[in-house]
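This report concerns only the one structure given below.
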Amino acid sequence: MRHYDLCVIGSGPAGQKAAIQAAKLGKKVAIIEAKEVVGGAAVNTGTIPSKALREAILGLAGTRTAMPTGADFTAAARRATLANLWACCQPVIMAEIDMVNGHMHSNGVDMIGGVAQFRDERTLDIRGVHSSTAVTADYFVIAVGSRPARPSSIPFDDRDIITSDEFIHLTNLPRSVIVVGGGVIGTEYASMLAALGVKVTIIEGRNRLLDFVDAEITEALQYHLRRLGVTLRLGEKVVRISRAPAPPGAMAENDMLAEAYLESGKCLRADCLLFCVGRQGATEQLNLPAAGLSADDRGRIQVNDRYQTAVPHIYACGDVIGFPALASTSMEQGRLAALHMFGKPGETVPELLPYGIYSIPEISMVGWTEEKLTASGIPYEAGIAQYKEIARGQLLRDDIGMLKLLIHQETRHILGAHAIGTGATELIHIGQCAIAFKATVDYFVNAVFNYPTLAECYKVAAFNGLNKLMGI
150 MRHYDLCVIG SGPAGQKAAI QAAKLGKKVA IIEAKEVVGG AAVNTGTIPS KALREAILGL
210 AGTRTAMPTG ADFTAAARRA TLANLWACCQ PVIMAEIDMV NGHMHSNGVD MIGGVAQFRD
270 ERTLDIRGVH SSTAVTADYF VIAVGSRPAR PSSIPFDDRD IITSDEFIHL TNLPRSVIVV
330 GGGVIGTEYA SMLAALGVKV TIIEGRNRLL DFVDAEITEA LQYHLRRLGV TLRLGEKVVR
390 ISRAPAPPGA MAENDMLAEA YLESGKCLRA DCLLFCVGRQ GATEQLNLPA AGLSADDRGR
450 IQVNDRYQTA VPHIYACGDV IGFPALASTS MEQGRLAALH MFGKPGETVP ELLPYGIYSI
510 PEISMVGWTE EKLTASGIPY EAGIAQYKEI ARGQLLRDDI GMLKLLIHQE TRHILGAHAI
570 GTGATELIHI GQCAIAFKAT VDYFVNAVFN YPTLAECYKV AAFNGLNKLM GI
């Protein structure tokens, strides 16, 4: 039986970074992966495939604008199939898989294929396709990730009623889609499908999409989704989902339609229904009780601020511990867990974690939102720059992009940065640095930015906010 300093279960972003950090400290490390390929959901079904699809869609009509119009896609969309769009994504996915394998090899991390199960708190049994083995370790990191929730009351069939995992296997573009859930995944896929000319309806129980995002940014997204033809059913709850035969003469891709019955009495029908409400931690095969652990009803494991579970030498990171469940935050959690278990310093400020949403247009944010500042009684002012007043925005043909800075009225410190539009997820990191180093609005007023760049938005937003602070 092989013994390791650290054994990581799962090769997604959290598992990778935990393993590499421990290996950099000179530790003997193994990663156990149940799938045939490494990378977890981030590489195989989630982050990378969905972002690669987004780029393929934006490149379909030779446009990179934040919100292409219907005219941009009319001719190209007729030639589009999901099959050839997914084919464009495969080189990116394979490159990521090769890169993960390369990083593990170069850092001396052992890769073990199979399904891991705790025998006790120090031993893992690993069932492979052709053989089984067992390992022991001083420390463990559970980084098994999550999968889309599939309530038993919903008749999923992998064609008409699906989750995001099945969506990447569709070959034909449906004429109409109902997206249940206005969170990150639902919003991203809804905007991509709408850009391809699919008739999209989003059903969200809350009164707006992405309720954790700054309200003004969300309102801008909702406006542009509607401009693209998306129907938003906000404040509506789905009570039943079913399948029904398509009526004679209906313009449907299949002989069956998906139906969503709402609490308000409405019945919506479409070729396909994409269910994007919640995700489930993939912990059911781990035999957690044998290690003295348990998961909640959504398969999530509770941890402390150092990512330790109730059993101190067993850590958990990534989607399996819940929100924010982003690849970027999962990577950092894995790294910090490895540092902590081996007594090395490491610190990350949660308030400085950026959020990136790859809808069309994309959204990013860091720091406080206006709603949280108001609720906390913190006096602030907002400075706004519109892409259309920036030369680079004109060059990109992006007339809808916006950057907003939130500024403390008394100290003039930058409290938050929020962006929507082309390159928003790249642009936000300038604001992240400003918040981290407690910069005031005066820094951006006095800074010189390359011209023409989107970074110039920070200077324009700073002047706008400063003028408001001065009452001019």
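Heads up: the sequence shown begins at 150 in this note's numbering, then just goes up one per residue.
Think of the CB as a built atom: it goes at the ideal place given N, C-alpha and C, for glycine as much as any other residue.
Here the structure is a predicted model, which is why all the values come from computation and not from measurement.
- The alpha carbon of Gly277 has as its nearest neighbour, out of Thr194, Gly354, Asp306, Lys184, the alpha carbon of Lys184.
- Considering only Arg418, Gly164, Ser255, the residue with the shortest C-alpha distance to Pro394 is Arg418.
- For Ala610, the uninterrupted alpha helix (DSSP H) run begins and ends at 605 to 618, by DSSP.
- Taking every protein chain shown into account, the CB of Ala265 has 16 or more other CB atoms within 10 angstroms, so this residue is buried.
- Per DSSP, the unbroken beta strand (DSSP E) holding Gly565 starts and ends at 563 to 569.
- For Gly572, same chain residues with a beta-carbon under 6 Å away, outside a window of 5 residues either side, are Leu603 in chain order.
- Residue pairing by DSSP puts Gln266 in a beta bridge opposite Asp274.
- The stretch 461 to 542 is shown to contain whole alpha helix (DSSP H) runs of 4 or more residues at 476 to 490, 519 to 524, in chain order.
- Between Tyr153 and Lys177, the C-beta spacing is below 7 Å.
- If you ignore the 5 residues before and after Leu552, its C-beta comes within less than 6 Å of the C-beta of Ala534, Ala568, Cys606, Ala610, all in its own chain and listed in chain order.
- Minimum Cα-Cα distance from Gly384 among the listed residues Arg355, Glu408, Ala369 corresponds to Arg355.
- Cβ-Cβ distances below 6 Å link Ala540 to Pro601 in the same chain, with the five nearest sequence neighbours on each side left out; the list follows chain order.
- Following the DSSP letters along the chain, one finds Ser281 inside the beta strand (DSSP E) bounded by residues 281 to 291.
- Sorting Ser160, Phe424, Ile450 by C-alpha distance to the C-alpha of Asn436 places Ile450 at the top.
- The C-alpha of Ala339 is placed about 27 Å away from the C-alpha of Leu544.
- Counting of Cβ neighbours within 10 angstroms places Val498 among the exposed residues, the total staying below 16.
- Under the DSSP assignment, Cys416 falls in the beta strand (DSSP E) whose first and last residues are 416 to 419.
- Where Lys553 is concerned, the enclosing beta strand (DSSP E) starts and stops at 551 to 557.
- Residue nearest to Asn595 within the set Arg357, Gly331, Ile327, Phe612 is Phe612 (criterion: CA-CA distance).
- As summarised for the stretch 315 to 377, the continuous alpha helix (DSSP H) elements at least 4 residues long and confined to that stretch are 333 to 344, 364 to 376, given in chain order.
- In the DSSP secondary-structure assignment, Met253 is not bridged to any residue.
- Per DSSP, reduced to three states, the secondary structure at Val597 is coil, with no helix or strand assignment.
- Cβ neighbours of Phe316 within its own chain (closer than 8 Å, five residues either side excluded): Tyr338, Leu423.
- With distances taken between CA atoms, Asp404 lies nearest to Asp309 out of Gln429, Tyr410, Asp309.
- Ranked by Cα distance from Ser302, the options Val387, Thr367, Gln165 are led by Val387.
- With contact defined as three or more Cβ pairs closer than 8 Å, the stretch 357 to 367 and the stretch 278 to 287 are not in contact.
- Rounded to the nearest whole angstrom, the CA to CA distance from Asn233 to Met150 is 47 Å.
- Note that the stretch 202 to 210 does not touch the stretch 517 to 529; fewer than 3 beta-carbon pairs, one per stretch, sit closer than 8 Å.
- Rounded to whole angstroms, the separation of the alpha carbons of Gln482 and Gly427 is 21 Å.
- Less than 7 Å separates the beta-carbon of Ile242 from that of Ile197.
- Residue state for Gly161 is assigned as coil, using DSSP reduced to three classes.
- Here Asp445 carries a coil assignment [DSSP, helix/strand/coil].
- Counting every other CB atom within 10 Å of its CB across the protein chains shown gives Leu501 a total below 16, marking it as exposed.
- Between Ala292 and Gly159 a beta carbon distance of about 4 Å is seen, short of the 8 Å cut, so the two are scored as contacting.
- In chain order, Gly516, Trp517, Leu522, Ile527, Tyr529, Leu555, Ile556, His557, Ile584 place their CB closer than 8 Å to the CB of Leu564, counting only its own chain and leaving out the 5 sequence neighbours on each side.
- Of the residues assessed, Cys466 falls on the buried side of the cut-off, its CB having 16 or more other CB atoms within 10 angstroms.
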